[in-house]
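Protein chains in written order, with numbering that gives the first Met the number 0: chain S, 0 to 209; chain Y, 0 to 209.
What follows is a single structure, written as structure tokens, with notes after it.
Number of protein chains: 2
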Amino acid sequence: MVDTLATDVSDARERIKAAASRVFSTKGLDGARMQDIADEARINKAMLHYYFRNKQQLFEMIFEELLTRVFSALEALVADHASFEDRIRAFVSTQITIISEFPAMPLFVLLEARKDPELLSRKFVGKPLDMVRQRFSDMVDREVSSGRIRPVTFDQLFINILSLSVYPVVAEPMIRFVLGMESGAFQSMIENRKTLVADLIIRDLNPFSI
Amino acid sequence: MVDTLATDVSDARERIKAAASRVFSTKGLDGARMQDIADEARINKAMLHYYFRNKQQLFEMIFEELLTRVFSALEALVADHASFEDRIRAFVSTQITIISEFPAMPLFVLLEARKDPELLSRKFVGKPLDMVRQRFSDMVDREVSSGRIRPVTFDQLFINILSLSVYPVVAEPMIRFVLGMESGAFQSMIENRKTLVADLIIRDLNPFSI
DNA sequence: GTCTATAGGCGGATAGAC
DNA sequence: GTCTATCCGCCTATAGAC
Numbered sequence: 000m001v002d003t004l005a006t007d008v009s010d011a012r013e014r015i016k017a018a019a020s021r022v023f024s025t026k027g028l029d030g031a032r033m034q035d036i037a038d039e040a041r042i043n044k045a046m047l048h049y050y051f052r053n054k055q056q057l058f059e060m061i062f063e064e065l066l067t068r069v070f071s072a073l074e075a076l077v078a079d080h081a082s083f084e085d086r087i088r089a090f091v092s093t094q095i096t097i098i099s100e101f102p103a104m105p106l107f108v109l110l111e112a113r114k115d116p117e118l119l120s121r122k123f124v125g126k127p128l129d130m131v132r133q134r135f136s137d138m139v140d141r142e143v144s145s146g147r148i149r150p151v152t153f154d155q156l157f158i159n160i161l162s163l164s165v166y167p168v169v170a171e172p173m174i175r176f177v178l179g180m181e182s183g184a185f186q187s188m189i190e191n192r193k194t195l196v197a198d199l200i201i202r203d204l205n206p207f208s209i
Numbered sequence: 000m001v002d003t004l005a006t007d008v009s010d011a012r013e014r015i016k017a018a019a020s021r022v023f024s025t026k027g028l029d030g031a032r033m034q035d036i037a038d039e040a041r042i043n044k045a046m047l048h049y050y051f052r053n054k055q056q057l058f059e060m061i062f063e064e065l066l067t068r069v070f071s072a073l074e075a076l077v078a079d080h081a082s083f084e085d086r087i088r089a090f091v092s093t094q095i096t097i098i099s100e101f102p103a104m105p106l107f108v109l110l111e112a113r114k115d116p117e118l119l120s121r122k123f124v125g126k127p128l129d130m131v132r133q134r135f136s137d138m139v140d141r142e143v144s145s146g147r148i149r150p151v152t153f154d155q156l157f158i159n160i161l162s163l164s165v166y167p168v169v170a171e172p173m174i175r176f177v178l179g180m181e182s183g184a185f186q187s188m189i190e191n192r193k194t195l196v197a198d199l200i201i202r203d204l205n206p207f208s209i
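This is how it looks when you write it as structure tokens:
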């Protein structure tokens with residue numbers, strides 16, 4: 000076992016990061032207790048400060064790693080040579096899968112980004128985000144000008160896809176409360192959305208719709 | 000001035016509630032400082048404890064009032080005698096307007112609801128939520144069976160409307176970062192969505208779409 | 001590297017004068 | 001009702017033994 004990329008659960012450092020992901024993403028930065036993270040990682044509280052100088056530094060590391068995963072999903076939009084439709088289907092499905100793993104993650108990311116508006120740009124300078132956006136934006140424009148989809152702005156299309164994919168997972172407590180859903184029903188509803196959302200988006204882009 | 004319903008800003012109690020709304024909804028329950036709320040309300044910290052026994056009680060009052068406003072918007076869905084389409088348009092527009100006033104509110108509502116899963120049901124028992132849902136659900140079913148809209152489940156329709164309306168406002172920091180938007184551009188984009196989202200939903204319900 | 005014990009401070013809450 | 005001063009617990013962080 001010399002796989003340096005694999006997450007080694009026996010490694011304290013990796014256990015801490017996994018524990019911190021869970022605790023931060025459910026309780027937020029302020030609500031999280033170093034003791035909670037230590038317990039979750041089956042480690043002494045003092046060891047947290049041995050591996051990571053302080054809470055803020057631990058948080059920023061987790062923050063960055065979570066977002067890197069999310070952003071890398073964007074590459075499904077430009078990476079391979081699939082059709083426009085298939086790219087959207089892949090993106091929706093990936094996005095829902097990732098968010099489902101840490102459903103509260105967008106909550107704390109957005110809360111912290113609001114408290115510290117520079118956080119995002121501080122952590123993600125020089126990442127290939129602009130390029131991905133540009134390429135997907137161009138792709139949308141090509142589809143529009145060739146008449147394969149109806150005229151839409153890239154921005155609104157992107158926001159629609161993200162909203163329909165991410166929000167339902169994040170808003171689980173509210174949705175289950177308002178619609179009176181059990182946990183199982185909620186989960187299969189989310190599962191359905193991996194295709195349902197893509198269907199909606201594709202249908203909406205059809206140039207021959209009303 | 001004997002209007003007991005109007006919010007009297009000279010009344011300390013009302014100033015505190017307004018201040019607490021702002022502070023809680025931007026910093027969350029744990030991140031909010033009683034001192035911040037006191038400053039924002041231009042009042043002494045001790046007075047907070049005079050008017051509201053403790054932080055938790057102040058929080059629960061704000062929580063309940065914010066959610067009551069959101070839920071009451073649901074009544075746009077069933078209240079008057081407008082057409083199905085107009086009800087959806089009214090609901091989308093109202094929802095975006097309310098959320099825009101306290102954009103971070105869903106963040107802290109959802110975060111707290113996750114930390115304390117009983118919170119929602121504890122605070123909202125006996126409210127006319129079930130009735131509104133039932134009436135709107137029936138309405139959807141009638142539209143479907145009469146062939147005026149294509150077959151959809153009420154649940155997924157509701158979730159789509161909510162996601163498209165609420166999430167973009169909530170996710171402002173992320174959207175502006177990824178799409179490189181200035182504050183002004185973002186706001187007019189949101190304003191556009193008041194009709195754009197309704198258009199999308201209505202178009203999607205058309206039984207003669209592809 | 002691991003752990004115990006403890007420092008140190010922040011922030012919620014209260015006492016008590018006015 | 002309003003304010004100052006202060007208490008006290010909780011939680012981050014570190015010192016220091018092993």
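For glycine and all other residues, C-beta sits at the position ideal for the given N, C-alpha and C.
From the listed residues Y:164, Y:170, Y:159, the smallest Cα separation to residue 199 of chain S is found for Y:159. Taking the Cα positions, residue 25 of chain S is about 26 Å away from residue 94 of chain Y. Ranked by Cα distance from residue 153 of chain S, the options Y:121, Y:21, Y:174, Y:104 are led by Y:174. The C-alpha of residue 61 of chain Y is placed about 15 Å away from the C-alpha of residue 32 of chain Y. For residue 174 of chain Y, at least one C-beta of chain S is nearer than 8 Å to its own C-beta. Of the candidates Y:30, Y:41, Y:27, the residue whose Cα lies closest to the Cα of residue 13 of chain Y is Y:41.
Taking the C-beta atoms as reference points, residue 134 of chain Y is found nearer than 8 Å to residue 77 of chain Y. Using beta-carbon distances, residue 194 of chain S does not count as an interface residue toward chain Y, since no partner is under 8 Å. With distances taken between CA atoms, residue 165 of chain S lies nearest to S:103 out of S:81, S:103, S:55. The beta carbons of residue 87 of chain Y and residue 189 of chain Y sit no closer together than 8 Å. Of S:171, S:55, S:151, the smallest CA-CA separation from residue 137 of chain S is found for S:151. From the beta-carbon of residue 26 of chain Y, the residues of chain S found nearer than 7 Å are 114.
Identification of chain S residues near residue 157 of chain Y by a Cβ-Cβ cut-off of 9 Å yields 174, 177, 178, ordered along the chain. Taking the C-beta atoms as reference points, residue 27 of chain S is found no nearer than 8 Å to residue 66 of chain Y.
Neighbours of residue 206 of chain Y in chain S, taken as residues whose beta carbon is under 8 Å from its own, are absent, since the nearest beta carbon is some 10 Å off. With a cutoff of 8 Å on beta-carbon distance, residue 163 of chain S and residue 196 of chain S are scored as near each other. Within the model, the alpha-carbon separation for residue 180 of chain S versus residue 44 of chain Y is close to 42 Å.
Shown here, residue 27 of chain Y sits in a helix according to DSSP, grouped into three states. Distance from the Cα of residue 121 of chain S is smallest, within the candidate group S:156, S:141, S:57, S:63, for S:63. Along the segment 26 to 55 of chain S, the positions whose C-beta sits under 8 Å from a C-beta of chain Y are 26, 27, 28, 29, 30, read in chain order. The CB of residue 104 of chain S never comes closer than 7 Å to any CB in chain Y; the least such distance is about 11 Å.
Approximately 5 Å separates the beta-carbon atoms of residue 118 of chain Y and residue 112 of chain Y; this is inside 8 Å, confirming the contact. Look at the segment 83 to 107 of chain Y: the residues with a C-beta under 9 Å from a C-beta of chain S are 102, 103, 105, 106, 107. Here residue 184 of chain Y is exposed: its Cβ has fewer than 16 other Cβ atoms, across all protein chains shown, within 10 Å.
Sequence-ordered contacts of the segment 57 to 87 of chain Y with chain S are nonexistent [C-beta pairs closer than 7 Å]. Residue 48 of chain S has its alpha-carbon roughly 44 Å from the corresponding atom of residue 194 of chain S. Counting only Cβ-Cβ distances below 7 Å, residue 154 of chain S has contacts in chain Y at 178, 188, in chain order. Flagged as an interface residue toward chain S: residue 170 of chain Y, by a C-beta distance shorter than 8 Å. From the listed residues S:10, S:155, S:80, S:18, the smallest Cα separation to residue 178 of chain Y is found for S:155. Counted as a single uninterrupted DSSP element, the alpha helix (DSSP H) harbouring residue 183 of chain Y occupies residues 182 to 204. By the rule that beta-carbons nearer than 8 Å mark a contact, residue 137 of chain S does not touch chain Y. Along the segment 62 to 107 of chain S, the alpha helix (DSSP H) occurs as fully enclosed runs of 4 or more residues at 83 to 100, listed in sequence order.
Take residue 72 of chain S, set aside five residues on each side of it, and the residues of its chain with a beta-carbon closer than 8 Å to its own are 90, 93, 94, 97, in chain order.
Selection S:205, S:54, S:128, S:50 evaluated against residue 11 of chain S yields S:50 as nearest (Cα-Cα).
Residue 148 of chain Y carries a coil assignment under DSSP once its states are collapsed to helix, strand and coil.
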